[in-house]
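**Student:** As given, the protein sequences belong to chains A and B, one line each in that order. The UniProt record's numbering numbers the first residue of the first sequence as 1 and each following residue consecutively. The UniProt record's numbering numbers the first residue of the second sequence as 1 and each following residue consecutively. Every residue gets a Cβ at the ideal spot worked out from N, C-alpha and C, and that includes glycine. Since we're looking at a predicted model, the values are computed, not measured.
There are 2 protein chains.
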Amino acid sequence: MKALVFGAGSVGCVYGYILHNAGVDLAVVCRSNLAAVRNSGISIDSELYGQVHYNPKAAGSALPGICEQIQEAVGERTAIVLAQNGIDIEREYAQRYPDNAIISGVVWLATTQLSPGMIKAGKAEKLEIGTYPASAPASHKQKAEQLSELWSQGSPGGGAPVYEDIQPQRWLKLTVNATWNPIAALTRCDGGTLSLIAEQASATDILVRTMHQVGAVAASTGCAGLVTDAHVKRVMQFYHSQRATPESGKESSMLMDVNAGRPLEVEAILGNLLRIARENKVNVPDLELLYFLVLALDHSNAKRK
Amino acid sequence: MKALVFGAGSVGCVYGYILHNAGVDLAVVCRSNLAAVRNSGISIDSELYGQVHYNPKAAGSALPGICEQIQEAVGERTAIVLAQNGIDIEREYAQRYPDNAIISGVVWLATTQLSPGMIKAGKAEKLEIGTYPASAPASHKQKAEQLSELWSQGSPGGGAPVYEDIQPQRWLKLTVNATWNPIAALTRCDGGTLSLIAEQASATDILVRTMHQVGAVAASTGCAGLVTDAHVKRVMQFYHSQRATPESGKESSMLMDVNAGRPLEVEAILGNLLRIARENKVNVPDLELLYFLVLALDHSNAKRK
Chain A
1 MKALVFGAGS VGCVYGYILH NAGVDLAVVC RSNLAAVRNS GISIDSELYG
51 QVHYNPKAAG SALPGICEQI QEAVGERTAI VLAQNGIDIE REYAQRYPDN
101 AIISGVVWLA TTQLSPGMIK AGKAEKLEIG TYPASAPASH KQKAEQLSEL
151 WSQGSPGGGA PVYEDIQPQR WLKLTVNATW NPIAALTRCD GGTLSLIAEQ
201 ASATDILVRT MHQVGAVAAS TGCAGLVTDA HVKRVMQFYH SQRATPESGK
251 ESSMLMDVNA GRPLEVEAIL GNLLRIAREN KVNVPDLELL YFLVLALDHS
301 NAKRK
Chain B
1 MKALVFGAGS VGCVYGYILH NAGVDLAVVC RSNLAAVRNS GISIDSELYG
51 QVHYNPKAAG SALPGICEQI QEAVGERTAI VLAQNGIDIE REYAQRYPDN
101 AIISGVVWLA TTQLSPGMIK AGKAEKLEIG TYPASAPASH KQKAEQLSEL
151 WSQGSPGGGA PVYEDIQPQR WLKLTVNATW NPIAALTRCD GGTLSLIAEQ
201 ASATDILVRT MHQVGAVAAS TGCAGLVTDA HVKRVMQFYH SQRATPESGK
251 ESSMLMDVNA GRPLEVEAIL GNLLRIAREN KVNVPDLELL YFLVLALDHS
301 NAKRK
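1) Kindly indicate which residue of B:G157, B:S152, B:L172 and B:V81 has the alpha-carbon position closest to the one of Y132 (chain B).
2) For S248 (chain B) and L194 (chain B), what's the separation of their Cα atoms in angstroms?
3) Please state the DSSP three-state secondary structure of G50 (chain A).
4) How long is the line joining the alpha carbons of residue 312 (chain A) and G16 (chain A), rounded to whole angstroms?
5) Measure the alpha-carbon distance for S241 (chain B) versus I197 (chain B) and round it to whole angstroms.
6) Rounded to the nearest angstrom, what separates D45 (chain A) and A203 (chain B) at their Cα positions?
7) Is the stretch 291-299 of chain A close to the stretch 21-36 of chain B, with three or more CB pairs under 8 Å?
8) Would you report the Cα separation of L4 (chain A) and S253 (chain B), rounded to the nearest angstrom?
9) With a CB to CB cut of under 6 Å and the five nearest residues on each side skipped, what residues in its chain are close to C13 (chain A)?
10) Considering only residues of the stretch 157-241 of chain A, which uninterrupted alpha helix (DSSP H) runs meet the minimum length of 4 residues and lie entirely inside it, listed in chain order?
11) List, in order along the chain, the chain A residues whose C-beta lies closer than 7 Å to that of S300 (chain B)?
12) CB-CB under 7 Å to T78 (chain B), same chain, minus the five flanking residues each way: which ones, in chain order?
13) What does L297 (chain A) touch in chain B if you count any residue whose Cβ is under 9 Å from its own?
14) Since A203 (chain A) meets chain B, which of its residues come closer than 7 Å, beta carbon to beta carbon?
15) If we cut at 7 Å on Cβ distances, does P285 (chain B) have a partner in chain A?
16) Please list, in chain order, the chain B residues whose beta carbon lies closer than 7 Å to that of I206 (chain A).
17) Compare the beta carbon distance of A219 (chain A) and N85 (chain A) with 7 Å and say whether it is the shorter of the two.
18) On the three-state DSSP scale, how would you describe Y93 (chain A)?
19) Leaving out the 5 sequence neighbours to the left and right, which residues in its chain are closer than 6 Å to T179 (chain B) when beta-carbon positions are compared?
20) On the DSSP bridge assignment, give the partners of I103 (chain A) in chain order.
21) Roughly how many whole angstroms lie between the Cα atoms of N39 (chain A) and P116 (chain A)?
22) Three or more C-beta pairs under 8 Å: does that hold for the stretch 184-191 of chain A against the stretch 122-130 of chain A?
23) What span of residues does the alpha helix (DSSP H) with V29 (chain A) cover, start to end?
24) Are the C-beta atoms of I197 (chain B) and some chain A residue less than 7 Å apart?
25) So is A230 (chain B) buried or exposed if we call it buried at 16+ other beta carbons inside 10 Å?
26) Under three-state DSSP, which class holds D45 (chain A)?
27) DSSP on I119 (chain B), reduced to helix/strand/coil?
28) Rounded C-beta distance between L273 (chain A) and L172 (chain A)? I'm assuming under 8 Å.
29) Sort A:G157, A:T221 and A:N259 by Cα distance to E279 (chain A) and report the nearest one.
30) Distance, Cα to Cα, G158 (chain B) vs D286 (chain B)?
31) Consult DSSP for V5 (chain B) and reduce its assignment to one of helix, strand or coil.
32) Quick one: Cα of P156 (chain B) to Cα of G271 (chain B), how far?
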């Protein structure tokens with residue numbers, strides 16, 4: 001079996017390793033780390049895998065416009081796996097490749113690229129997957145099962161559970177991504193520092209109400225009862241648990257993009273969310289303000305580069 | 001007459017020049033620019049004054065806790081002039097120095113310190129003043145008139161008009177400061193870039209509603225009908241007029257503080273505003289979110305330094 005990982009950043013490098021480890025014939029598309037990956041391959045220091053190394057076939061470059069760029073690599077039987085943050089990210093692929101299996105993935109993996117090709121990862125790895133749309137043909141569902149099997153061969157992590165409908169899992173992750181991620185990027189706080197601030201009562205109120213706004217949009221798409229008080233409480237507790245190590249707190253992916261001068265995932269994480277909210281007439285004032293702020297941050301970030 | 005300018009940053013340096021120019025015996029308290037001001041004095045390149053230079057008596061250091069620090073300089077007849085952004089900034093001085101004239105000033109002056117002691121300023125300068133409280137004794141009102149006269153002797157700018165009640169002017173400036181200033185600091189946009197983003201319809205909606213929230217708090221303190229649609233429109237137009245020069249747009253004072261690693265004026269500009277909103281039960285969700293974000297930015301900024 002052959003696989004192409006399009007975008008070998010820190011997550012793509014770990015996913016490439018899982019596929020390589022499962023015996024897949026692998027190629028990766030890199031951006032700034034192309035020369036390093038070609039010369040020295042990819043090294044991962046992970047609590048889950050230990051110190052590992054692999055040499056994939058490597059080409060450049062994963063710039064925006066991925067949907068068009070992968071055209072040459074997409075054959076009749078190719079499954080397209082999207083492991084990107086945000087909501088409503090699958091639509092353009094489904095329109096461009098209407099007969100291919102589109103597998104939508106929600107990533108749970110904390111990892112960072114220390115230097116080109118040198119990856120650091122933690123002890124947890126899970127990829128939640130499902131077809132797009134949920135009503136895809138049986139042959140597409142089989143592709144998802146096949147990917148899940150590959151994942152359990154390639155990684156001793158939490159595997160790649162297949163969901164009949166993956167969208168609720170996307171919304172649950174978006175509850176975190178659309179709130180804490182932009183806030184971290186705007187305030188330039190690592191997880192530890194942010195959790196210190198978030199412990200103040202008024203800050204807790206703001207975070208809880210903002211996460212519930214994401215839940216209200218999810219409910220308007222049919223995912224009602226998903227972002228519950230209990231879910232929001234678990235997210236708050238997760239962040240407060242990071243308070244113990246304010247100095248070592250991880251930086252969110254959007255803050256890493258700010259610091260590296262990369263484009264921010266504004267539309268996938270907030271723009272699409274607001275478009276759905278407008279269409280379904282859901283009131284989301286805090287998400288609106290965060291979107292405006294992150295849009296402006298993305299502009300100044302691009303200018304500074 | 002003697003005057004002490006406590007805090008000779010870019011505004012303090014221009015104000016020192018105005019007082020010096022009016023024949024006042026002047027001393028200034030510096031922070032990072034102390035050595036430069038002692039060695040070479042203060043140079044100002046201003047559209048209003050041309051290239052000017054003066055050598056004040058200089059001491060250090062204007063760190064937080066100004067209310068206590070000025071104690072030695074405050075005699076029986078000393079007027080304390082506060083030219084700081086924000087709202088409810090006068091209270092601590094009135095409590096600590098109950099018999100002194102407290103003159104509250106609203107600064108309209110775009111200026112920046114290019115290097116220690118080297119100041120660049122534009123063509124506009126106006127200081128709106130009035131006693132704190134508005135019901136202060138006649139002797140305090142006379143001090144305000146005296147300051148106004150000094151100002152017209154020292155500067156060909158807009159002068160220092162005396163208001164019977166200065167608080168409405170504070171609220172008008174706060175409409176700008178509590179919205180555009182934190183937004184610029186969070187998004188790291190100069191005026192030009194920010195105005196480009198603000199032209200989008202949804203961004204205009206957010207800015208207008210946030211400025212009206214400041215107006216609602218002002219109204220709850222008795223300043224009703226102050227932040228009108230017309231005022232908000234004027235502020236929007238002012239920012240949109242900067243669109244012509246996106247590259248040369250000025251950085252707001254809070255963004256300059258972020259870039260210099262200085263403490264941000266979080267409490268004066270947003271904390272006090274929110275306390276008043278809570279006391280008067282005014283609903284200000286956007287200001288709450290901005291406060292939380294700027295508080296977190298202030299923490300990460302202090303850590304980075």
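**Tutor:** Answer, in terms of the structure:
1) Sequence index remark: in the second sequence, residue 132 (chain B) carries index 132 (1-based). If we check each option's Cα against that of Y132 (chain B), B:V81 comes out closest.
2) Start at 1 with the first residue of the second sequence, and residue 248 (chain B) comes out as number 248. Start at 1 with the first residue of the second sequence, and residue 194 (chain B) comes out as number 194. Per-residue confidence for S248 (chain B) stands at a pLDDT of 47, beneath the threshold of 50, marking its modelled position as unreliable; no derived number is given.
3) Here residue 50 (chain A) refers to the residue found at position 50 of the first sequence. Note: G50 (chain A) maps to strand in three-state DSSP.
4) The structure shown does not extend to residue 312 (chain A), since chain A is modelled only from 1 to 305, so the question has no answer here.
5) Residue numbering aside, residue 241 (chain B) sits at position 241 when the second sequence is read from its first letter. Residue numbering aside, residue 197 (chain B) sits at position 197 when the second sequence is read from its first letter. About 13 Å.
6) Along the first sequence, one-based indexing puts residue 45 (chain A) at 45. Along the second sequence, one-based indexing puts residue 203 (chain B) at 203. One C-alpha to the other measures close to 43 Å.
7) no
8) Numbered from its first residue, the first sequence carries residue 4 (chain A) at position 4. Numbered from its first residue, the second sequence carries residue 253 (chain B) at position 253. Taking the straight line joining both Cα atoms gives about 49 Å.
9) Locating residue 13 (chain A) in the first sequence gives position 13, counting from the first residue. Same-chain partners within the cutoff: I42 and I119.
10) 167-177, 180-187, 191-198, 201-220 and 229-241
11) In the second sequence, counting from the first residue as 1, residue 300 (chain B) sits at position 300. Those are T187, R188, C189 and T193, listed as they occur along chain A.
12) Counting from 1 along the second sequence, the entry for residue 78 (chain B) is found at position 78. Contacts found: N100.
13) Numbered from 1 along the first sequence, position 297 holds the residue referred to as residue 297 (chain A). Correct list: L186, T187, R188 and C189.
14) Counting from one through the first sequence, the residue named residue 203 (chain A) turns up at place 203. Within 7 Å Cβ-Cβ: F292.
15) What you label residue 285 (chain B) is simply residue 285 of the second sequence in a count that begins at 1. P285 (chain B) counts as touching chain A.
16) For this step, residue 206 (chain A) is matched to residue 206 along the first sequence. Per Cβ cutoff of 7 Å: E288, L289 and F292.
17) The residue you call residue 219 (chain A) lines up with position 219 of the first sequence. The residue you call residue 85 (chain A) lines up with position 85 of the first sequence. No. Outside cutoff.
18) Your numbering for residue 93 (chain A) matches position 93 in the first sequence. Three-state result, Y93 (chain A): helix.
19) If you number the second sequence from 1, residue 179 (chain B) lands on position 179. If we look at T179 (chain B) and ignore the five residues flanking it on each side, its Cβ neighbours are T210 and M211.
20) Residue numbering aside, residue 103 (chain A) sits at position 103 when the first sequence is read from its first letter. Its beta-bridge partners are A:V81 and A:T131.
21) Along the first sequence, one-based indexing puts residue 39 (chain A) at 39. Along the first sequence, one-based indexing puts residue 116 (chain A) at 116. The straight-line gap from Cα to Cα measures roughly 11 Å.
22) no
23) As a working note, residue 29 (chain A) is residue 29 in the first sequence. Counting along the chain, V29 (chain A) falls outside any alpha helix (DSSP H), though it belongs to the beta strand (DSSP E) covering D25 to C30.
24) As a first step, residue 197 (chain B) must be located in the second sequence, where it is residue number 197. Interface residue, yes.
25) Counted from its first residue, the second sequence places residue 230 (chain B) at position 230. Looking at its Cβ environment, which holds fewer than 16 other Cβ atoms inside 10 Å, A230 (chain B) is exposed.
26) The residue given as residue 45 (chain A) occupies position 45 in the first sequence. Correct three-state label for D45 (chain A): strand.
27) Along the second sequence, one-based indexing puts residue 119 (chain B) at 119. The answer is strand: DSSP assigns I119 (chain B) an E or B state.
28) For the purposes of this step, residue 273 (chain A) is identified with residue 273 of the first sequence, where counting begins at 1. For the purposes of this step, residue 172 (chain A) is identified with residue 172 of the first sequence, where counting begins at 1. Between L172 (chain A) and L273 (chain A) the Cβ distance is about 13 Å, and since that is not below 8 Å, they are no contact.
29) Sequence index remark: in the first sequence, residue 279 (chain A) carries index 279 (1-based). Measuring from the Cα of E279 (chain A), the nearest candidate turns out to be A:T221.
30) In the second sequence, the residue the question calls residue 158 (chain B) occupies position 158. In the second sequence, the residue the question calls residue 286 (chain B) occupies position 286. Spanning the two alpha carbons is a distance of roughly 33 Å.
31) One-based indexing of the second sequence puts residue 5 (chain B) at position 5. Three-state result, V5 (chain B): strand.
32) Position 156 of the second sequence, counted from the start, is the residue given in the question as residue 156 (chain B). Position 271 of the second sequence, counted from the start, is the residue given in the question as residue 271 (chain B). Approximately 35 Å between the Cα atoms of the pair.
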